[in-house]
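Student:
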Amino acid sequence: MISITLPDGSVREYDKGITSMQIAQSISEGLARNVLAAEVNGEVWDASRPIEADSAVKLLTWNDAKGKATYWHSSAHLMAEALEALYPGTKFGIGPALETGFYYDVDFGDKTLSSDDFKQIEDKMIELAKTKSEYIRKPVSKADAIEYFTEKGDEYKLDLIKDLPDGSITFYTQGGFTDLCRGPHIPNTGFIKAAKLMSLAGAYWRGDESRKQLTRIYGVTFPKASELTEYLHVIEEAKKRDHRKLGKELELFAFSEKVGMGLPLWLPKGTALRERLTNFLQKAQVKAGYEQVITPHIGHKNLYVTSGHYEKYGADSFQPIKTPQEGEEFFLKPMNCPHHCEIYKTKPRSYKDLPVRLAEFGTVYRYEQSGELHGLTRVRGFTQDDAHLFCRPDQVKEEFMKVIDLVLYVFGALGFEDYIAQVSLRDPNNKTKYIGTDENWALAETAIIEAAAEKGLRTVVETGEAAFYGPKLDFMVKDALGRKWQLGTIQVDYNLPERFELEYTGSDNQKHRPVMIHRAPFGSMERFVAVLIEHCAGNFPLWLSPEQFIILPISEKYEDYAKKLSDELKDSDICGLIDFRDEKIGRKIRDAEVKKIPYMLIVGEKEAAEGRISVRKHGQGDLGSMSIEEFKQQIIKEITV
Ligand SMILES: [Zn+2]
Ligand SMILES: [Zn+2]
3 MISITLPDGS VREYDKGITS MQIAQSISEG LARNVLAAEV NGEVWDASRP IEADSAVKLL
63 TWNDAKGKAT YWHSSAHLMA EALEALYPGT KFGIGPALET GFYYDVDFGD KTLSSDDFKQ
123 IEDKMIELAK TKSEYIRKPV SKADAIEYFT EKGDEYKLDL IKDLPDGSIT FYTQGGFTDL
183 CRGPHIPNTG FIKAAKLMSL AGAYWRGDES RKQLTRIYGV TFPKASELTE YLHVIEEAKK
243 RDHRKLGKEL ELFAFSEKVG MGLPLWLPKG TALRERLTNF LQKAQVKAGY EQVITPHIGH
303 KNLYVTSGHY EKYGADSFQP IKTPQEGEEF FLKPMNCPHH CEIYKTKPRS YKDLPVRLAE
363 FGTVYRYEQS GELHGLTRVR GFTQDDAHLF CRPDQVKEEF MKVIDLVLYV FGALGFEDYI
423 AQVSLRDPNN KTKYIGTDEN WALAETAIIE AAAEKGLRTV VETGEAAFYG PKLDFMVKDA
483 LGRKWQLGTI QVDYNLPERF ELEYTGSDNQ KHRPVMIHRA PFGSMERFVA VLIEHCAGNF
543 PLWLSPEQFI ILPISEKYED YAKKLSDELK DSDICGLIDF RDEKIGRKIR DAEVKKIPYM
603 LIVGEKEAAE GRISVRKHGQ GDLGSMSIEE FKQQIIKEIT V
């Protein structure tokens, strides 16, 4: 008999050679129907693979990320089987799972695949899936593996086998298709109920431009047809909300190849939006005891030698900026922390002065490969809503609670309601990887966990995910489409205070090291604005809208009245514009709708005579006639909510 420990800590006895599927069956038939694979002592295995010794077993279903990955990788095999059936002689490269879906790199010889062929392949996949063919694992010798793929004439698999040690090679067969694979796989193809091929791309074999370009086919599958429908809906909606598209349409930001890739240009409307966000956070920070600082965009090489960034990132980051003076080198700053450490050091600090909270909307530059750049979410220059808190070890928890309050205030004001906090702790079995004393780590980790619990945060704890310099807390936000984004972060740092020899005088009159906390509720202005655009589909909360109203005069006779109205609203800090174009009112309304301007104020003969306005709200339609005063009150009420 062997002992199997389940995730809830319970231990069950089974015969040696039991499979995870049989374990599932012994618990409940319903569970067994949903088991895709199992984690055995931390490694994902086929549910049908015999377990020979005492083990910790976690059954994986569609609800587990690793279950999904196994499912999607198995779907890549199914697609390959379909391709081989439809296009005999096809050769296969690699076919891994992705975060969503999978791909397979394929050599079709002379045939060129197009998206017109997708339907036929999808249908074949489902036809094959219905046979409920098991994925059968078979260890093979290297010689047999070479013989099989030599006979098949698949030079890509042979190229892969070449690097594998004999004795480690396994084949997987489902139906009539056999692949070289280390697995794991789902029990059988019957779990795959819906399949969709998404796109095609070229991919050089092994990423080597001197070798053959294969066809990469992206696909996705689901255990229910309705899940595929839902997924495709989200993709369609995401396309409409793509911040790159909306950023252009709403004239928020732009990129210019002349200026440089990955360097956003904020247009007037985008700048107005960004400044409102900045002011909003700055105001909250002042209330929370932060002091604003400004530091330069570059720093002397020695600054980064001291901070350790030079050693760690030197080669990957931008090249040094050399001055005419010999030997002098500067770098574009990759982060604001070293500058802030130097600000901390400008005067002696006593325990009574702490915490010192230095905030800066600091623009930093980091090298990203051009292929990695993506709208505002992956850029080479961005502005962090950065701050560094220098505190005593006994203040860490309180400071964490205050930062959590600030982050939640930001999320609340911007309509992010669904979020979880990830607490990243160090790996207790590998302590040498980390800097700082055991005592301080214990203190900080407990402080973070307690602070998160006292604030009622929904948290996941990830052991071993801490940075080498300290534990951290990251906020993952779900947007309106259910997509996850990492936004705010709070990190404890024992490293920089050490490297910069930061000190304060304690109540014992001795010198002590302060603890440093990095935090950024938005993450960066660029990334946050991108997420915000996609979350609200460009319909910003009224207080953030770059243009809150547009006045639409029915004809030029009412322009003076429109100007008077506009001035009056602007005096109350409500901003907007007037559509002076010689266009029909219907056209003006349609254009304002496209620009997602929250309020349209229509003025014609009746309105001008009575000193009133006809109000339309974006997405809601006609709100009827109002006096200016009534409208102002409505706006002010909406902005302060
Ligand atoms: Zn496989
Ligand atoms: Zn920092």
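For what it's worth, our numbering labels the leading residue of the sequence shown as 3, then goes sequentially.
Yeah, the Cβ is synthetic: ideal placement off N, Cα and C, and Gly gets one too.
Please classify residue 141 as buried or exposed, where buried requires at least 16 neighbouring CB atoms within 10 angstroms.
Tutor: Counting Cβ neighbours within 10 Å, residue 141 comes out exposed, since fewer than 16 surround it.
Student: Answer yes or no: the CB of residue 343 versus the heavy atoms of ligand 2, is any distance below 6 angstroms?
Tutor: Because no heavy atom of ligand 2 lies under 6 angstroms away, the Cβ of residue 343 does not count as near it: no.
Student: Cβ of residue 194 within 7 angstroms of Cβ of residue 77?
Tutor: Yes. Within cutoff.
Student: Thinking just about the alpha-carbon of each residue, which of 612, 536, 15 and 578 is nearest to the one in residue 603?
Tutor: When only C-alpha atoms are compared, the closest one is 578.
Student: Any idea which residues DSSP pairs residue 280 with across the strands?
Tutor: None; residue 280 has no bridge partner.
Student: Tell me whether residue 337 sits in a helix, a strand or coil according to DSSP, three-state version.
Tutor: Three-state DSSP puts residue 337 in coil, outside helix and strand.
Student: For residue 171, count neighbouring C-beta atoms within 10 Å of its own C-beta (all shown protein chains included) and say buried if the count is 16 or more, exposed if not.
Tutor: Residue 171 comes out buried.
Student: Is residue 209 helix, strand or coil by DSSP?
Tutor: Of the three classes helix, strand and coil, the one that applies to residue 209 here is helix, per DSSP.
Student: List the whole-angstrom C-beta distance separating residue 443 from residue 460, where the pair is believed to meet the contact cut-off of C-beta under 8 angstroms.
Tutor: Wrong, their Cβ atoms sit about 24 angstroms apart, outside the cutoff.
Student: At a cut-off of 6 angstroms, is residue 299 close to ligand 2 when judged by its beta-carbon and the heavy atoms of the ligand?
Tutor: Incorrect: residue 299 has no Cβ contact closer than 6 angstroms to ligand 2.
Student: Considering only C-alpha positions, which residue in the set 410, 372, 449 and 375 is nearest to residue 394?
Tutor: The candidate whose alpha carbon is nearest that of residue 394 is 449.
Student: Just to confirm the assignment, what range does the alpha helix (DSSP H) spanning residue 245 have?
Tutor: Start and end: 245-251.
Student: Looking at C-beta atoms only, is the number of pairs between the segment 247-258 and the segment 129-141 that lie closer than 8 angstroms three or more?
Tutor: No, the segment 247-258 does not touch the segment 129-141.
Student: In chain order, what residues of the same chain have a beta carbon less than 8 angstroms from the beta carbon of residue 543, not counting five sequence neighbours either side?
Tutor: Only 415, 416 and 417 meet the Cβ criterion.
Student: Should residue 187 be listed as close to ligand 2, given that the test is whether its C-beta is under 6 angstroms from any heavy atom?
Tutor: Because no heavy atom of ligand 2 lies under 6 angstroms away, the Cβ of residue 187 does not count as near it: no.
Student: Please confirm whether residue 362 and residue 295 have their CB atoms less than 7 angstroms apart.
Tutor: Yes, they are a contact pair.
Student: In terms of DSSP beta bridges, what is residue 79 paired with?
Tutor: Answer is none; residue 79 lacks a bridge partner.
Student: Give a yes or no on contact between the segment 514-527 and the segment 482-498, applying the rule of three or more CB pairs nearer than 8 angstroms.
Tutor: The segment 514-527 vs the segment 482-498: in contact.
Student: Residues bridged to residue 517 by DSSP?
Tutor: Paired residues: 393.
Student: Can you tell me whether residue 69 is buried or exposed, with buried defined as 16 or more other CB within 10 angstroms of its CB?
Tutor: Classification for residue 69: buried.
Student: Identify whether residue 71 lies in helix, strand or coil by the three-state DSSP scheme.
Tutor: Helix at residue 71.
Student: Hey, is residue 183 close to ligand 1, as in C-beta under 6 angstroms from one of its heavy atoms?
Tutor: Yes, Cβ of residue 183 sits closer than 6 angstroms to a heavy atom of ligand 1.
Student: Using 6 angstroms as the cut-off, classify the Cβ of residue 537 as near or not near the heavy atoms of ligand 2, replying yes or no.
Tutor: No, ligand 2 has no heavy atom inside 6 angstroms of this Cβ.
Student: Taking the continuous beta strand (DSSP E) assigned at residue 489, which residues delimit it?
Tutor: Counting along the chain, the beta strand (DSSP E) containing residue 489 begins and ends at 486-495.
Student: Which residue comes first and which comes last in the alpha helix (DSSP H) that contains residue 259?
Tutor: Looking at the DSSP string, residue 259 is not in any alpha helix (DSSP H), and its letter there is neither H nor E.
Student: Within 10 angstroms of its Cβ, does residue 454 collect 16 or more other Cβ (buried), or is it exposed?
Tutor: So residue 454 counts as buried.
Student: Could you name the residues that DSSP lists as bridge partners for residue 324?
Tutor: In the DSSP output, where bridge partners are listed per residue, residue 324 has 331.
Student: Report the three-state DSSP secondary structure of residue 379 (helix, strand or coil).
Tutor: Coil.
Student: Tell me where the beta strand (DSSP E) around residue 622 begins and ends.
Tutor: Neither: residue 622 is in no beta strand (DSSP E) and is coded neither H nor E.
Student: Alpha carbon to alpha carbon, what distance is there between residue 208 and residue 60?
Tutor: Cα to Cα, the separation comes out at about 34 angstroms.
Student: Can you grab the Cα-Cα spacing for the pair residue 177 / residue 127, in whole Å?
Tutor: Answer to the nearest angstrom: the Cα atoms are 12 angstroms apart.
Student: So what's residue 545 in DSSP terms, helix, strand or just coil?
Tutor: DSSP places residue 545 in coil when its eight states are reduced to three.
Student: Taking residue 179 as the reference, give the member of 525, 136 and 112 with the closest Cα.
Tutor: Minimum Cα distance to residue 179 is reached at 136.
Student: Closest to residue 38 by C-alpha separation, out of 185, 306 and 359, would be which residue?
Tutor: Ranking 185, 306 and 359 by Cα distance to residue 38 puts 185 first.
Student: Quick one: does the C-beta of residue 520 sit closer than 6 angstroms to a heavy atom of ligand 2?
Tutor: Yes, Cβ of residue 520 sits closer than 6 angstroms to a heavy atom of ligand 2.
Student: Given that a residue counts as buried once 16 or more other Cβ atoms are within 10 Å of its Cβ, and exposed if not, what is residue 83?
Tutor: Per the 10 Å Cβ criterion, buried.
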